[in-house]
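Enquirer: In our numbering, the protein residues as written are -16 to 106.
Sharing a structure with you now.
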């Protein structure tokens, strides 16, 4: 054991993934709940419980981010169906507003792609 010298932030997952808000809360709980006079067995039990809770919260957050990325993929797929109308157009199209509408679809696809990429980067 470290004897509490690392301010209660011992976490085996700390370097492998960015901290979540739950991880930060767990770090604060460690500092409050781990007094120096706590016996070694009790301290190890508490550390283990907090580590398990932290990992569960990280996995929950990862699932949420993955679901978000998948939602953006589905949105892009749906937008691509509408964008396929571009194949039927020619430069002689009389209704020029259709080009603006299709341009907006490209913008929405780009926004959704950025949001999906951001969600995956959080993993």
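All C-beta atoms, glycine included, are put in the ideal place defined by N, C-alpha and C.
The model shown is predicted, which means the values in this text are computed figures rather than measured ones.
1) Let me know the secondary structure DSSP gives residue 101 once reduced to three states.
2) Mind checking residue 90: buried by the 16 CB within 10 Å criterion, or exposed?
3) What is the DSSP secondary structure of residue 79, counted as helix, strand or coil?
4) Between residue 43 and residue 98, what straight-line distance do the alpha-carbon atoms span, to the nearest angstrom?
5) When we look at the beta-carbon of residue -15 and count the other beta-carbons within 10 Å, is it buried (16 or more) or exposed?
6) Taking the alpha-carbon positions, what's the residue 76 to residue 63 distance?
7) State the Cα-Cα distance for the pair residue 94 and residue 54, rounded to the nearest angstrom.
8) Assign residue 40 to one of three DSSP states: helix, strand, or coil.
9) If you check the beta carbons only, do residue 52 and residue 102 fall under 8 Å apart?
10) Tell me the rounded alpha-carbon separation between residue 28 and residue 9.
11) Figure out for me which residue from 47, 13, 50 and 56 has the closest Cα to the Cα of residue 35.
Expert: Taking the structure as given:
1) Along the chain shown, one-based indexing puts residue 101 at 118. DSSP places residue 101 in helix when its eight states are reduced to three.
2) The residue you call residue 90 lines up with position 107 of the chain shown. The residue is exposed, with fewer than 16 neighbouring Cβ atoms inside 10 Å.
3) For the purposes of this step, residue 79 is taken as the residue at position 96 of the chain shown. Correct three-state label for residue 79: coil.
4) By 1-based counting over the chain shown, the position of residue 43 is 60. By 1-based counting over the chain shown, the position of residue 98 is 115. Their backbone Cα atoms lie some 19 Å apart in a straight line.
5) The residue given as residue -15 occupies position 2 in the chain shown. With a pLDDT of only 44 at residue -15, under the threshold of 50, the placement of this residue in the model should not be trusted, and no figure is reported.
6) Locating residue 76 in the chain shown gives position 93, where the first residue counts as 1. Locating residue 63 in the chain shown gives position 80, where the first residue counts as 1. Rounded to the nearest angstrom, the two C-alpha atoms are 20 Å apart.
7) Numbered from 1 along the chain shown, position 111 holds the residue referred to as residue 94. Numbered from 1 along the chain shown, position 71 holds the residue referred to as residue 54. Taking the straight line joining both Cα atoms gives about 13 Å.
8) Numbered from its first residue, the chain shown carries residue 40 at position 57. DSSP places residue 40 in helix when its eight states are reduced to three.
9) Along the chain shown, read from residue 1 onward, the residue named residue 52 stands at position 69. Along the chain shown, read from residue 1 onward, the residue named residue 102 stands at position 119. It is a contact, given that the beta carbons lie within the stated cut-off.
10) Residue mapping note: residue 28 aligns to position 45 of the chain shown, counting from 1. Residue mapping note: residue 9 aligns to position 26 of the chain shown, counting from 1. If I take the Cα positions, the gap works out to 15 Å.
11) As a working mapping, residue 35 is identified with position 52 in the chain shown. Residue 35 has its Cα closest to that of 13, out of 47, 13, 50 and 56.
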